[in-house]
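Counting the sequence shown from 1 gives a position; the working numbering is that position plus 20. Beta carbons: idealized from backbone N, C-alpha and C, even for Gly. These numbers come from a predicted model, not from an experiment. What follows is a set of notes on a single structure, which appears directly below.
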Amino acid sequence: MTAKNIGIIGILINGLPGYPVAALTLENIQLELPGGGTAKDAQKQLPEKEKAYPEYDMFGKTLPAYGIYARHINGVNFQNVQLHLLTPDARPATVLIDATDVTPPNFAAGKY
21 MTAKNIGIIG ILINGLPGYP VAALTLENIQ LELPGGGTAK DAQKQLPEKE KAYPEYDMFG
81 KTLPAYGIYA RHINGVNFQN VQLHLLTPDA RPATVLIDAT DVTPPNFAAG KY
């Protein structure tokens with residue numbers, strides 16, 4: 021999949037506490053993202069909002085990551101996922117919270 025100049029929310033994978041998204045593979049994805057996120061955006065703490073699922077914009081217009089925000093995941097595989105910014109962004113590319121068995125293991129460090 022290739023997507024160009026998509027919105028400021030890239031990929032959001034969000035399970036629930038005790039009910040993780042599991043056994044998921046994202047492969048051969050290229051995203052061109054607008055960038056422009058601030059250091060304040062990077063510090064944003066997202067509430068759980070279990071009753072609001074599955075709306076993509078339920079956390080507002082920005083996430084703490086410019087590319088991939090994943091929380092409550094287990095057994096998620098990222099292969100050949102590429103993130104490209106149109107303008108600089110103060111947020112990290114990837115934020116993983118309550119994430120187990122993610123491959124490659126250094127994915128969150130920006131090693132895709």
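| Check | Outcome |
| --- | --- |
| Once you ignore the five residues that flank V115 on each side, which residues in its own chain have a CB closer than 6 angstroms to its CB? | P84, A85, Y89 |
| Under 8 angstroms by Cβ, that's how I've got F98 and L36 pegged, so tell me the actual separation to the nearest angstrom. | That pair is no contact at about 21 angstroms. |
| What does DSSP give as the partner residues of I88 in its beta bridges? | I31, T114 |
| So, helix, strand or coil for E70, using DSSP? | helix |
| One question on the structure: do G55 and L105 come within less than 8 angstroms of each other, judged by their Cβ atoms? | yes |
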